[in-house]
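Q: The structure's right below; bear with me while I get my questions together.
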Amino acid sequence: MAAAAADDAAEVERLYELGERLSSANDKSEHAADYEAIIAAVKGQSAKAKQLAAQLIPRFFRSFPALGTRAMSAMFDLVDMEELAIQEFEVREALKRMKGGKMMGLDGIPIVIRIQAIRGFPLLGKDTEFVSKIADVLGQLLTSEENVERDAVHKALMSLIRQDVKNSLQPLFKHVEQGSEIREKIICFLRDKVFPLKAELLKPQAEMERFITDLIKKSVQDVTGSEFELFMGFLRSLSIFGDSAPRESFQELIEIIQAQADLNSQFNVSDIDHIERWISCMYMALPIFMRGASASKFLNYFVKQIVPAFEKIPEEKKLDLLKTIASSSPYAAAQDSRQLLPSVVQLLKKYMPGKKVEDINHNYVECLLYTFHHLAHKTPNTTNSLCGYKIVTGQPSDRLGEDFSEHYKDFTER
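Residue numbers are given in UniProt numbering: position 173 of the sequence shown equals residue 173, and the series is strictly consecutive.
In structure tokens, the structure reads:
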């Protein structure tokens, strides 16, 4: 034990000497052998030497570009949690055999090494070619259960992002896009640390906002409902989607929401998740409809897919669906209104029967009448054949020669 301690102290002393020699050298490139020796210390047995190497490697990293890859690999070895966990287990078992199970305060040595290496990563990130790989490794370390280590990872990542936003964020979003095991940790990091600092980090503004928008569009193809709301809320906060943005920008947001709502799929009344996702997406889209984006695809899906199966939809979801249509009806275009009106009248006849009954669902009727009102005034001629109301506009579409009195009688009775 004494011999091992002496060897440990000697190794640490040697590293200090190498560090001092490099610090005092006018031309550090002449001392490549010293830097190689520091890198090699990572493979040794001394925990203290590893910790010191984790300090020295980043300090002199930029002076030895030819050794950059080896230095980077050594630093990655220092945060290899599986390897360090094995070492920690071996130390624990040895101490148990020698001291009757007492740990002698050596708990946590590996985590100290990792933290030292983590703190040094931003210095290695001064070279652009290594930034993405470092960000990727730090992203994986977000799974740490130790608060001190996780805090070090947060600080190192933020330092790296401030140095190079693009090359730092790309690997993080890649984990979200690919659905890796650490995606939830990365989303939480983006939500808590990155998104609140968008004004500081996204410069030049237009270019960087477009960059992060493209990253998010790739990432939201397979996310939970709450995650999608988080990303959409962030996108809507960007200046490129602000009040003064062109209509095309709002349409881009709607297209992202349409993809999440899965409007190309066949409607399945037994798929509650899809129904809830459609409702949630409609509510998310409403503020964007107000800004001029088209509601056409959502309304067409309602007419062609949902209305034919409306009777089979679970009762607790019917009202939510009708509320979304009612809320979006003020923003429907004339052409969409013309297509939607027959379906609305069909549902009205179902839920507003001609004879008096006691079990009328007034919530359904209220939603449908509200929808009817907003759609009818945009395409008045459509109401002729549906309800018997004749509105003379002086156009051939008035259909003055046709008799819709029966429709009128039926509708007014209701």
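Glycine included, every Cβ here is placed at the ideal spot set by N, Cα and C.
#1: Less than 6 Å between C-beta atoms, sequence neighbours within five positions excluded: which residues of the same chain meet that for K96?
#2: Taking 8 Å as the threshold, find out whether the region 258-265 comes into contact with the region 292-304 through three or more Cβ pairs.
#3: Would the region 36-45 count as touching the region 11-18 if we require 3 or more Cβ pairs under 8 Å?
#4: Hey, I118 and V165: beta-carbon distance below 9 Å or not?
#5: Does the region 159-173 come close enough to the region 121-136 that 3 or more CB-CB pairs lie under 8 Å?
#6: At what residue ranges does the region 237-263 contain a whole run of the beta strand (DSSP E), taking only runs of 3 or more?
#7: Can you list, in chain order, the residues of its chain whose CB lies under 6 Å from that of G19, leaving out five sequence neighbours each side?
#8: Under a Cβ-count criterion, where at least 16 other Cβ atoms within 10 Å of its own Cβ denotes burial, should R62 be classed as buried or exposed?
#9: Roughly how many whole angstroms lie between the Cα atoms of M208 and R247?
#10: Among K50, A309, L124, A25, whose alpha-carbon lies nearest the alpha-carbon of P110?
#11: Would you identify the three-state DSSP class for R291, choosing helix, strand or coil?
#12: Which value, in whole angstroms, describes the spacing of the CA atoms of L15 and I115?
#13: Whole-angstrom Cβ separation of M75 and L124, contact assumed at under 8 Å?
#14: Which whole-angstrom value is the C-beta distance of E371 and I325, which I expect to be below 8 Å?
#15: Just to confirm my understanding: we take E36, look at its own chain, exclude 5 residues before and 5 after, and list those with CB closer than 7 Å. What are they?
#16: Kindly give me the distance between the Cβ atoms of F121 and L160, rounded to whole angstroms, as I take these residues to be in contact under 8 Å.
#17: Give the DSSP-derived three-state secondary structure of L202 in the structure shown.
#18: Residues in its own chain within less than 6 Å of S219 by CB, not counting five upstream and five downstream?
#19: Go through the region 2-57 residue by residue and report every complete run of the alpha helix (DSSP H) that reaches 4 residues or more, in order.
#20: Is L348 buried or exposed, if buried means 16 or more other CB atoms sit within 10 Å of its CB?
#21: CA-CA distance, D151 and L138?
#22: Note down the Cα distance separating Q170 from L215, rounded to an integer number of angstroms.
#23: Rounded to whole angstroms, how far is the Cβ of F234 from the Cβ of F195, which I believe are closer than 8 Å?
#24: DSSP on G179, reduced to helix/strand/coil?
#25: What three-state label does DSSP hand P330 in the structure shown?
#26: What is the rounded straight-line gap between the Cα of P308 and the Cα of H374?
#27: Between which residues of its own chain and R70 is the CB-CB distance below 8 Å, once the five residues before and five after are set aside?
#28: Which same chain residues, not among the five before or five after W278, have their C-beta less than 7 Å away from its C-beta?
#29: In the DSSP assignment, find the unbroken alpha helix (DSSP H) run with L368 in it and report its ends.
#30: Keeping to the same chain, check which residues put their C-beta closer than 7 Å to that of A334; ignore five residues upstream and five downstream.
#31: If you follow the alpha helix (DSSP H) that residue 421 is part of, which residue opens it and which one closes it?
#32: Might you give, ordered along the chain, the residues of its own chain that have their beta carbon closer than 6 Å to the beta carbon of I275, omitting 5 neighbours on each side?
#33: Closer than 8 Å by C-beta to V64: which residues in its own chain qualify, once you throw out the five before and the five after it? Chain order, please.
A: According to the structure data:
#1: Numbered from 1 along the sequence shown, position 96 holds the residue referred to as residue 96. Here K96 scores only 48 on pLDDT, less than 50, and its place in the model should not be relied on; the value that follows carries that caveat. There are no such residues.
#2: yes
#3: yes
#4: Along the sequence shown, one-based indexing puts residue 118 at 118. Along the sequence shown, one-based indexing puts residue 165 at 165. No, the pair does not count as a contact, with Cβ atoms beyond the cut-off.
#5: yes
#6: none
#7: On the sequence shown, residue 19 is found 19 positions in, with the first residue counted as 1. Counting only Cβ-Cβ distances below 6 Å, and skipping sequence neighbours, we find L56.
#8: As a working note, residue 62 is residue 62 in the sequence shown. By the 10 Å Cβ count, R62 comes out exposed.
#9: On the sequence shown, residue 208 is found 208 positions in, with the first residue counted as 1. On the sequence shown, residue 247 is found 247 positions in, with the first residue counted as 1. C-alpha separation (whole angstroms): 20 Å.
#10: Reading the sequence shown from its first residue, position 110 is the one you call residue 110. For the residues K50, A309, L124, A25, the minimum Cα distance to P110 belongs to K50.
#11: Indexing the sequence shown from 1 puts residue 291 at position 291. Correct three-state label for R291: coil.
#12: Position 15 of the sequence shown, counted from the start, is the residue given in the question as residue 15. Position 115 of the sequence shown, counted from the start, is the residue given in the question as residue 115. Whole-angstrom Cα-Cα distance: 19 Å.
#13: Residue numbering aside, residue 75 sits at position 75 when the sequence shown is read from its first letter. Residue numbering aside, residue 124 sits at position 124 when the sequence shown is read from its first letter. With a Cβ gap of about 6 Å, M75 and L124 count as contacting.
#14: The residue you call residue 371 lines up with position 371 of the sequence shown. The residue you call residue 325 lines up with position 325 of the sequence shown. Note that residue 371 is Thr in the sequence shown, not Glu. Indeed they touch by this definition, with Cβ atoms about 6 Å apart.
#15: Within the sequence shown, the letter at position 36 stands for residue 36. Same-chain partners within the cutoff: L67.
#16: In the sequence shown, counting from the first residue as 1, residue 121 sits at position 121. In the sequence shown, counting from the first residue as 1, residue 160 sits at position 160. About 7 Å separates the two Cβ atoms, so the contact holds.
#17: Translated into positions along the sequence shown, residue 202 becomes position 202. DSSP places L202 in coil when its eight states are reduced to three.
#18: Here residue 219 refers to the residue found at position 219 when the sequence shown is read from its first residue. If we look at S219 and ignore the five residues flanking it on each side, its Cβ neighbours are F173, V176, E177.
#19: 2-24, 32-40
#20: Position 348 of the sequence shown, counted from the first residue, corresponds to residue 348. Buried, because 16 or more other Cβ atoms sit within 10 Å of the Cβ of L348.
#21: As a first step, residue 151 is located in the sequence shown; it is residue number 151 there, counting from the start. As a first step, residue 138 is located in the sequence shown; it is residue number 138 there, counting from the start. Between D151 and L138, the C-alpha separation is close to 11 Å.
#22: Here the question's residue 170 lines up with position 170 in the sequence shown. Here the question's residue 215 lines up with position 215 in the sequence shown. Between Q170 and L215, the C-alpha separation is close to 7 Å.
#23: Mapped onto the sequence shown, residue 234 falls at position 234. Mapped onto the sequence shown, residue 195 falls at position 195. Going by Cβ atoms, the distance from F234 to F195 rounds to 5 Å, so yes, they are a contact pair.
#24: On the sequence shown, position 179 is the one that residue 179 refers to. In this structure, G179 counts as coil in the three-state DSSP scheme.
#25: Taking the sequence shown and counting its residues from 1, the one referred to as residue 330 is at position 330. Of the three classes helix, strand and coil, the one that applies to P330 here is helix, per DSSP.
#26: On the sequence shown, position 308 is the one that residue 308 refers to. On the sequence shown, position 374 is the one that residue 374 refers to. Straight-line Cα distance between these residues: approximately 22 Å.
#27: Start at 1 with the first residue of the sequence shown, and residue 70 comes out as number 70. If we look at R70 and ignore the five residues flanking it on each side, its Cβ neighbours are E36, I39.
#28: In the sequence shown, the residue the question calls residue 278 occupies position 278. So the qualifying residues of the chain are A261.
#29: Within the sequence shown, the letter at position 368 stands for residue 368. Here the alpha helix (DSSP H) through L368 covers 362-376.
#30: Along the sequence shown, read from residue 1 onward, the residue named residue 334 stands at position 334. Within the same chain, A334 has close Cβ partners K378, T379.
#31: Since the displayed the chain opens at 1 and closes at 414, residue 421 lies outside it and no answer follows.
#32: Residue numbering aside, residue 275 sits at position 275 when the sequence shown is read from its first letter. For I275, where only same-chain residues beyond five positions count, the Cβ hits under 6 Å are K317.
#33: Walking along the sequence shown from the start, residue 64 turns up at place 64. Checking the displayed sequence, the identity of residue 64 turns out to be Phe instead of Val. Hits under 8 Å: K28, S29, A32, Y35, A71.
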